[in-house]
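This report refers to the structure that appears directly beneath it.
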Amino acid sequence: MDMDRLNNLCLLQTFIFVICLPKSYIALEDVTGNVLQGENNGIIAAFGDFNADKLTDIFVIRENGTVLQLLMAVQEKFSQETFKSVPLYTSKISNTTITSVVPADFDGDSRMDVLVTRKVVGQNFTNVTIYWGIVGGLGENFSLPDLLMDQPLVLDANGDMIPDLLGETQSGQRLYFTSWNRNFTKIPVKNGTSESLPPLTQPQNGAFVDLNNDLTADLCVMSMLNGSPQLEMWLYENKALTWKESVPVNGMKVIGQVAIADFNGDQSADILLPACVDEWCQKSDIFVLVGNKWVPLNIGLDNDGLSWGFIRPDHTPVSSYLYIPITIRVGDFNLDGFPDLLTVVGNMTGSLHRGLILYNVGCNSCPLRRTFSADWSTWLEGHGDITLLPAFYDLYEDGILDVVVSSVIPSNATIIRTWKHKFDDDASFIKVMVSGLCSNDCPGGNEPYGVNQMGPVIRYSTTGADGNAQTGAATQLSQSAYMALQLPYTVFGLGQTPNFVDSLDVGIPYPLNGKPRHRTWTSIIPNSQLIVIPHPLDEPNSWSNRLFVTPSRLMLLTGAALLGTCGFVAGIVGILHWRDKVEDKKEKRQEAHRFHFDAM
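Right under this line is the structure:
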């Protein structure tokens, strides 16, 4: 067999492997019974790795806002992830209900604590209590002496990597509450030298996010000026959060929570605002901030002759203790490199409330050259369910985002459903989590994971399958109030690229009179899950990342194809070698026979 035929066989073998790859599709499978095992009552409140085992747990509110439960992720060898229910907190204060939960390390001991906000029934003020984490649960607590007008925004205001709070007191004073040694110091928020600031909106609406692409988180909050809402921009300049501008919010009657991410892959933050143009949300849209104007994306929420729209908070079918503003949650569901959205819409009669995935698609005439297309074919509900809170969540820790949903069932109970994303595309990803204050020397022997760090900025660049540059950026845990349900990690979809990630940049907040803190890693393997540990804080060159690789289906099939090809070639070579040996022996016998014949 000549080499040309051998090469042709090799090409044929590889071609067979390629054409036999199944076509990609996206589908969801209800796996609630398998993973929650009967512990699916309640409302999703937050996510976090409470026991530092690198599995993300779910915090759940139960019993009409009086009980906080943990659905702790458990994964045995060679088995899929399940959850067991662990009690955390039961309110013993009469006439109060839990309104939000924020897990984070508020005292810097590398163990997760839990911030709980409560409201007294019939009152508008918010009480903030932090329960300090201990082995297996929660211990002592600390309550802010000030009642707040609303739920606070959790951020790192002073760059010490210990979460602080931004809130407004009963007297109308806007304050940072900076955390140190299990206590909080009140620092007035100033615009220049003035403490006279407009009141924040209720519900609180803001984010601690990189707005100017310098790898340092900035601040945006919504306030009221002369009865009209405006979005304030505070940039981290001159080594402090400094007011830059305020953008009026016009032409909207019911305003949702801002969503800020890099939606068009240019490594810059884009600000989206879901809203209703009329009082009753018969016309809903998503607006994008372009310059200082809000431009509608005209996403179109009509389907099969039915008109759909966002849900007014006062039309949420749940007990009055839970206030759910219009929210769009962000995640790259199809791993194409452009973040998608997840929200709740209702029909005009109010009889149906359903979760809706909005895919990020190209649009040359749109402001970001991107827009969002509704996937009406995918339902996130069981029969009779009314969706309250849907969220993206990596259920199997494989880099593919699944969906968890809190719903009201016909008996008026609240339940949780988990939907496995049966993703059969050949797309790659990188999953990044930035951790906290220590590496191998954590206090009390704690692990350096599971602290829910607010404000780290992550961006990447690589070369796409088409040969063009592909980039993206995100800020970890930029929002915390009103069931933001953000994940303590970032999943960047890479699409069908076979290339390494050229660079990964990570930046964290830095203090007054400090230097910017950021570091770049290069040549990251696709399908990697990275835990970045920025320790010591002021020595970025000493920061470490712990890498875990998840082989993709494409990698496995490619490996199988290569192994098959190599085996095939090795077999051919072996056969040819055997035939050569047989021919050699035959020739030697003929030579020996010829020698004896000549001798005669």
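Numbering (mature numbering (1 follows the signal peptide of the UniProt record, and there is no 0)), first residue to last: -26 to -1, 1 to 574. The beta carbon of each residue, even a glycine, is placed where N, CA and C say it ideally should be. Owing to the predicted nature of the structure, the values given are computational and were not obtained by experimental measurement.
Exposed or buried, residue i, counting other C-beta atoms within 10 Å across all chains shown (16 or more means buried)?
i	result
Asp400	buried
Asp554	exposed
Leu285	A quick correction: the sequence has Ile, not Leu, at residue 285. Buried, by the Cβ-count rule.
Cys540	exposed
Thr190	buried
Ile(-8)	Confidence at Ile(-8) is low in this model, with a pLDDT of 36, below 50, so its placement is unreliable and no value can be given for it.
residue 575	A question about residue 575 goes unanswered here, because the residues of the chain that appear run from -26 up to 574.
Arg92	buried
Asp368	buried
Val264	exposed
Trp517	buried
Arg433	buried
Val556	exposed
Trp282	buried
Met226	buried
Asp512	exposed
From the DSSP output, which residues share a beta bridge with residue i?
i	result
residue 575	Because the chain in this structure spans residues -26 to 574, residue 575 falls outside the shown range and cannot be described.
Ile35	Ile17 and Leu42
Ile245	Ile234
Gly329	Val318
Tyr370	For Tyr370, which the question treats as bridged, DSSP gives no partner whatsoever.
Thr143	Leu122
Ser502	Ile404 and Val523
Asp479	Arg433 and Thr494
Phe474	Looking at the DSSP assignment, Phe474 forms no beta bridge with any residue, so it has no partner.
residue 662	Outside the displayed span of the chain (-26 to 574) sits residue 662, for which this structure offers no information.
Gln204	Ser197 and Pro222
Leu174	Ser197
Thr4	Per the sequence shown, residue 4 should be read as Asp rather than Thr. Beta-bridge pairing links Asp4 to Trp393.
Lys58	Met46
Would you identify the three-state DSSP class for residue i, choosing helix, strand or coil?
i	result
Leu336	Note that residue 336 is Gly in the sequence shown, not Leu. Strand.
Ala544	helix
Asn132	coil
Ser351	coil
Lys28	coil
Ile285	coil
His492	strand
Val102	strand
Ser220	strand
residue 582	Given a span of -26 to 574 for the chain in the structure shown, any question on residue 582 remains unanswerable.
Lys66	coil
Ile302	coil
Leu193	strand
Lys562	helix
Trp154	strand
Asn179	coil
Asn165	strand
Pro514	helix
Arg343	coil
Measure the Cβ-Cβ separation of residue i and residue j and say whether it is below 8 angstroms.
i	j	result
Arg491	Pro514	yes
Val232	Leu246	yes
Gly110	Met86	no
Phe80	Leu89	yes
Phe57	Ile32	yes
Tyr150	Ala131	yes
Gly545	Asp236	no
Asp314	Asn334	yes
Ala26	Asn420	yes
residue 586	Leu42	Residue 586 lies beyond the range of the chain shown here (-26 to 574); nothing can be said about it.
Leu363	Met457	yes
Leu375	Gly424	no
Leu478	Thr464	no
Thr345	Ile331	no
Gln176	Asp244	no
Val251	Asp240	no
Ile273	Ala348	yes
Pro430	Val408	yes
Leu45	Glu3	no
residue 601	Leu118	The structure shown does not extend to residue 601, since the chain is modelled only from -26 through 574, so no value can be given for it.
Leu205	Met196	yes
Leu451	Met428	yes
Ile302	Thr290	no
Say yes only if the C-beta of residue i is nearer than 7 angstroms to one or more non-hydrogen atoms of the ligand FMN, and no if none qualify.
i	result
Cys337	Within the structure as shown, the ligand FMN is missing, as the structure has no ligands at all.
Identify every run of the beta strand (DSSP E) within the region 432 to 457, keeping only runs that are complete inside it and at least 3 residues long; order them along the chain. 443 to 449
Beta strand (DSSP E) runs wholly inside the region 248 to 283, at least 3 long, in chain order: 258 to 264 and 267 to 270
Could you tell me which whole beta strand (DSSP E) segments of length 3 or greater appear in the region 380 to 428? 388 to 395 and 402 to 408
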